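Read the structure below first, then the notes.
Chains as they are written, first to last, in our numbering: chain A, 1 to 153; chain B, 1001 to 1153.
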């Protein structure tokens, strides 16, 4: 495998709730109460951060094996700050997305500092989600008008 | 509110599984069987795409209200292609992350084409997740060695 395509089919359930169907799962997306909904599921940006943590976990283990580093008790905390002004339609010079994201990895290991620095730097390069968020990914939005069938009874 | 910080605490459960704890929820992240795990939850990249669909849903409704457009039956399908070579440590000139992402919105609406074009263009600008994935977000990775306590019994 080289090129792989991933997709989700999202059905809007309300102004803030969406059910995203993957090949095998449903991911319910919602917003906190402060944004006016029921807070029944994580928010879009929380899923982004969780995806980043999950991806770092996979790459961290993969690269640790390659470098013959033993790591255990891996903890990956991710946080990001964004300015909501643009999202809310207020005038701002800030971007809409995360201004910065911090990934803090904690691991129990007896590897040398030198090996750990190498480990971290390879994780950073090879993590698909880190690269997606950190680089510029071309995103195209397209719109199709849906015709609602009318049933006359 | 202007600046908001979101965070998840991720606990690695295996080489591919991670539980990301948000303020109110647990997000289980896994990998497909083809990557060697149990496929018990969506993958990191599927969460990224679901987060994008969920965010577009929120902004689409927000902006439709502002433009006084009625939309219903909103469906937001998102797909992205990535090359797995870099992730797997093979030599490649391709990036690790998504090469491109497509967002297809379907909506039942009687708004004019002109208004819909404006709608789409504002969604694109104001969606925090679209802006995060599409722009360059500074991401810092840091590492802390964890000391495992030893219990002698």
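The C-beta atom is built at its ideal place from N, Cα and C for all residues, glycine as well.
All values derive from a computational prediction rather than experimental measurement.
Item: Residue 1093 of chain B, buried or exposed, once every other Cβ within 10 Å from all chains shown has been counted against 16; Value: exposed
Item: Chain B within 7 Å of residue 152 of chain A, Cβ atoms only; Value: Note that residue 152 of chain A has pLDDT 48, beneath the 50 cutoff, so the model's placement of it is unreliable and the number below is only indicative. Judged by the 7 Å Cβ criterion, residue 152 of chain A is not in contact with chain B.
Item: Nearest-angstrom Cα separation, counted from residue 20 of chain A out to residue 26 of chain A; Value: 6 Å
Item: Beta-carbon proximity list for residue 1123 of chain B, same chain, < 7 Å, skipping 5 on both sides; Value: 1056, 1059, 1060 and 1063
Item: Residue 1045 of chain B and residue 1022 of chain B closer than 7 Å at C-beta; Value: no
Item: Cross-strand partners of residue 122 of chain A (DSSP beta bridge); Value: In DSSP, residue 122 of chain A forms no bridge with anything.
Item: Reduced DSSP secondary structure (H/G/I, E/B, other) of residue 24 of chain A; Value: coil
Item: Cutoff 7 Å: residue 1084 of chain B Cβ touching any chain A Cβ; Value: yes
Item: CB contact flag (residue 108 of chain A, residue 1144 of chain B, <7 Å); Value: no
Item: Buried versus exposed, by CB contacts within 10 Å (16 or more), residue 1017 of chain B; Value: buried
Item: Alpha-carbon spacing of residue 1078 of chain B relative to residue 140 of chain A, whole angstroms; Value: 10 Å
Item: Pick from B/1082, B/1111, B/1114 and B/1087 that is closest to residue 1099 of chain B, judged by C-alpha positions; Value: B/1082
Item: Among A/40, A/29 and A/34, the one whose alpha carbon lies nearest that of residue 1047 of chain B; Value: A/29
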